[in-house]
Amino acid sequence: MPTVPSILGFGAIAIDDIVYVDQPLSAGKGKVLQSAQAFGGNVATALAAVARLGGTAGFIGWLASAADDAVLCDLITSGVETAFAPRHPRARPVRSRITVGSDGERFIAYDDEAMLGTAPDFPDEVLSRATVLIVDSYAIRSLDVVARARDLGLAILGDIEWSGGPATEKLIALCDHLILPLGFAQVATGRRSPAEMLDALWLPSRSAVVLTDGGRGVYYRGRDETGLWHLPPHRVAVVDSTGAGDCFHGAYAQALTRGADTAGAVAFAAAAAALSITGRGGREALPTDEQVTELLASANAPSAVELKYARLDTGT
Numbered sequence: 044m045p046t047v048p049s050i051l052g053f054g055a056i057a058i059d060d061i062v063y064v065d066q067p068l069s070a071g072k073g074k075v076l077q078s079a080q081a082f083g084g085n086v087a088t089a090l091a092a093v094a095r096l097g098g099t100a101g102f103i104g105w106l107a108s109a110a111d112d113a114v115l116c117d118l119i120t121s122g123v124e125t126a127f128a129p130r131h132p133r134a135r136p137v138r139s140r141i142t143v144g145s146d147g148e149r150f151i152a153y154d155d156e157a158m159l160g161t162a163p164d165f166p167d168e169v170l171s172r173a174t175v176l177i178v179d180s181y182a183i184r185s186l187d188v189v190a191r192a193r194d195l196g197l198a199i200l201g202d203i204e205w206s207g208g209p210a211t212e213k214l215i216a217l218c219d220h221l222i223l224p225l226g227f228a229q230v231a232t233g234r235r236s237p238a239e240m241l242d243a244l245w246l247p248s249r250s251a252v253v254l255t256d257g258g259r260g261v262y263y264r265g266r267d268e269t270g271l272w273h274l275p276p277h278r279v280a281v282v283d284s285t286g287a288g289d290c291f292h293g294a295y296a297q298a299l300t301r302g303a304d305t306a307g308a309v310a311f312a313a314a315a316a317a318l319s320i321t322g323r324g325g326r327e328a329l330p331t332d333e334q335v336t337e338l339l340a341s342a343n344a345p346s347a348v349e350l351k352y353a354r355l356d357t358g359t
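Residue numbers (our numbering): 44 to 359.
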């Protein structure tokens, strides 16, 4: 049996049909420039990012039984361990249709009638040998497994984008590294400013709360930090923002396995995500560790600034 990877994850795994158009999405219509099919999904892409960065990653969600299944083969090609994933003949990926505008923004239409989560009896023996568990919103289907992983001492890194009601509230409570898109955090908390959202989401059990906001950067609070912080974005040529958040989660998890504090993990993840949007699709431009290190060392790399409540309105 293979060695258990340091970073495990279960959740969305997808096949994306992507259309690139010559106008921004706000234009309402545009000419098709290119069409492509790619593998994606929040957790699957995050784990692929870990592998690309030199870490060890394993997908432990449901996979199809066939040895030649396309999703399984893609994970293996991406360097993600699949030996510990439960199998089922009816397991299939989420299917997504993604339109990407000329400004790199995208609209995702998805069909998620699929087996998501993981086996309810997933073994503690495997979980206990890992360091980080990455989960997304679909982990509401396997809350007991998340809770067991938390009890076993794993860092639970939550990529939550939508709510499933009380089950999502339980999932959010289990995540000690809670990383949310700012838009969802705004809906979940009913607060307007990033600082208010960070405070509303904070719990004594948290290690960090991180809010990603695309071209506005990242807002965060950590147990090992004093105050609230804003990291402005790296300035890169945006081609396609698909998968940027997933790359952020994978890079953040990889930084945790290296002992990074919150500020260090956020900085590493933000740089990786910035590099990921310079290519098309969610996987094409996933960076190497060397590329991230180089970007962080560049003269124009942003520095975090302390967040002041008086200037926190997002304008949204």
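Virtual Cβ for every residue (Gly too), placed ideally from N, Cα, C.
Only a predicted model underlies this, so the values are computations on that prediction, with no experimental measurement involved.
The beta carbon of residue 90 sits closer than 8 Å to those of 50, 52, 100, 101, 102, 118, 121, 123, 177 and 293, all from its chain and outside the five residues before and after it, given in chain order. Within the same chain, Cβ atoms closer than 7 Å to the Cβ of residue 329 are found at 91, 92, 95, 290 and 319, the five residues on either side in sequence being excluded. Beta-bridge partners assigned by DSSP to residue 168: none are found. Around the beta carbon of residue 131, a 10 Å sphere encloses fewer than 16 other beta carbons of the protein chains shown; the residue is thus reported as exposed. In this structure, the beta-carbon distance from residue 317 to residue 350 does not fall below 8 Å. Excluding the 5 residues flanking it on each side, residue 73 has same chain C-beta neighbours closer than 6 Å at 64, 65 and 66, in chain order. The DSSP assignment places complete beta strand (DSSP E) segments of no fewer than 3 residues inside the region 246 to 288 at 251 to 255, 261 to 265 and 272 to 274, in order along the chain. Note on residue 246: under 16 other CB atoms within 10 angstroms of its CB, so exposed under the neighbour-count rule. Rounded to whole angstroms, the separation of the alpha carbons of residue 234 and residue 170 is 35 Å.
The continuous beta strand (DSSP E) containing residue 224 extends over residues 220 to 224. Per DSSP, the continuous beta strand (DSSP E) segment holding residue 102 begins and ends at 100 to 102. Under the three-state reduction of DSSP, residue 109 is assigned to coil, being neither helix nor strand.
Going by DSSP, residue 138 is part of no alpha helix (DSSP H) but of the beta strand (DSSP E) stretching over 137 to 143.
Non-local beta-carbon contacts of residue 145 in its own chain, meaning distances under 6 Å to residues more than five positions away in sequence, involve 65, 66 and 67 in chain order. 8 Å or more divides the Cβ of residue 165 from the Cβ of residue 224. With a cutoff of 8 Å on beta-carbon distance, residue 255 and residue 222 are scored as near each other.
Take residue 193, set aside five residues on each side of it, and the residues of its chain with a beta-carbon closer than 6 Å to its own are 199 and 217, in chain order.
Judged by DSSP in its simplified three-state form, residue 315 adopts helix. Residue 210 and residue 186 do touch by the CB rule: their CB atoms are close to 7 Å apart, below 8 Å. For the 8 Å CB-CB criterion, residue 196 and residue 181 do not form a contact. Residue nearest to residue 348 within the set 155, 260 and 60 is 260 (criterion: CA-CA distance). In the same chain as residue 85, and ignoring 5 residues on each side of it, the C-beta atoms closer than 7 Å to its own belong to 54, 55, 179, 202 and 289, in chain order. Taking the C-beta atoms as reference points, residue 252 is found nearer than 8 Å to residue 241. About 19 Å separates the CB atoms of residue 137 and residue 283; that is not less than 8 Å, and the two are not in contact. When rounded, the separation of the alpha-carbon atoms in residue 309 and residue 204 is 18 Å. Scanning its chain for C-beta atoms nearer than 8 Å, with the 5 sequence neighbours on each side dropped, one finds around residue 126 the residues 44, 45 and 101, in chain order.
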